[in-house]
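Q: Submitted below is the structure of interest, expressed as structure tokens.
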Amino acid sequence: MTDRAPRCRGRDESEEERADRMWGELIQEVRVAQTGVQILFGFLLTVVFQPKYDRLSDADQVIYVVTVFLGAVTTGALVGPVSLHRLVAGRRVKPQAVRLASRLTLLGLVLLVATMTSALLLILRVAMGGGFVPWLTALVVAWYLLCWFVLPLWTRRRHAGR
Numbered sequence: 001m002t003d004r005a006p007r008c009r010g011r012d013e014s015e016e017e018r019a020d021r022m023w024g025e026l027i028q029e030v031r032v033a034q035t036g037v038q039i040l041f042g043f044l045l046t047v048v049f050q051p052k053y054d055r056l057s058d059a060d061q062v063i064y065v066v067t068v069f070l071g072a073v074t075t076g077a078l079v080g081p082v083s084l085h086r087l088v089a090g091r092r093v094k095p096q097a098v099r100l101a102s103r104l105t106l107l108g109l110v111l112l113v114a115t116m117t118s119a120l121l122l123i124l125r126v127a128m129g130g131g132f133v134p135w136l137t138a139l140v141v142a143w144y145l146l147c148w149f150v151l152p153l154w155t156r157r158r159h160a161g162r
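Written as structure tokens, this is what we have:
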């Protein structure tokens, strides 16, 4: 048997260096999600001014209002990390800010699933009527959950201990 030095796990970086790296990674992730939700939210804001809006059923109008509300709170959660960073920059709290921003981003992703689900439900109801709409919506939601949460969590669990 040979004596081996313990393997170093992770990176050799200070807490501040780690916070800087994690902040950069987080902001790149948020940019992707922000762009999508901002385009969707902007589109949703115009729908109420279209002539066809008045012809929507009461249920579809409620779904629309819920979708706009979800889009607004999703935007808040996904823009929150940028505001957080700006307001605490230079205050020596970056590790704590990164943790909070990460939680806001995760909340934003959960809200984005809800927003996308609601928007998809509304669009499919208007385009197709009833019938298969709940099933198609459920299938897309399952796909979102698989891609955005199940696979990443499975990967983390399977490979994090190595």
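Taking my numbering, the leading residue of the sequence shown gets 1, the next gets one more, and so forth.
Glycine is no exception: its CB is placed at the ideal position from the N, C-alpha and C atoms.
In its own chain, which residues sit with a C-beta less than 7 Å from the C-beta of V79, not counting the 5 before and 5 after it?
A: Hits under 7 Å: Q34.
Q: Would you please verify whether the beta carbon of A160 is less than 7 Å from any beta carbon of chain D?
A: No chain D is part of this structure, which consists of one protein chain only.
Q: Do you know offhand how far T75's Cα is from P95's?
A: Using only the alpha carbons, I get a separation of about 23 Å.
Q: Just the C-alpha distance for Y64 and L122, rounded to the nearest angstrom, thanks.
A: Approximately 7 Å between the Cα atoms of the pair.
Q: Does the Cβ of R190 have 16 or more other Cβ atoms within 10 Å, making it buried, or fewer, making it exposed?
A: Because the chain in this structure spans residues 1 to 162, residue 190 falls outside the shown range and cannot be described.
Q: Can you find the residues in the same chain that come closer than 7 Å, C-beta to C-beta, to V71, ignoring five residues on each side of it along the sequence?
A: Reading the sequence as shown, one finds Gly at residue 71 and not Val. So the qualifying residues of the chain are V37, L40, F41, L44 and T115.
Q: Per DSSP, what kind of secondary structure is E13 in: helix, strand or coil?
A: Coil, per DSSP.
Q: Quick one: grab the DSSP three-state call for A72.
A: It is helical.
Q: To the nearest angstrom, how far is it from the Cα of S118 to the Cα of Q28?
A: Approximately 26 Å between the Cα atoms of the pair.
Q: What are the start and end residues of the alpha helix (DSSP H) that includes P51?
A: That residue, P51, is in no alpha helix (DSSP H); it is neither H nor E in DSSP.
Q: Using the C-alpha atoms, what's the distance from Q61 back to H85?
A: Roughly 37 Å between the two C-alpha positions.
Q: Here's the rule I'm using: 16 or more other beta-carbon atoms within 10 Å means buried, otherwise exposed. How should G108 be labelled?
A: The residue is buried, with at least 16 neighbouring Cβ atoms inside 10 Å.
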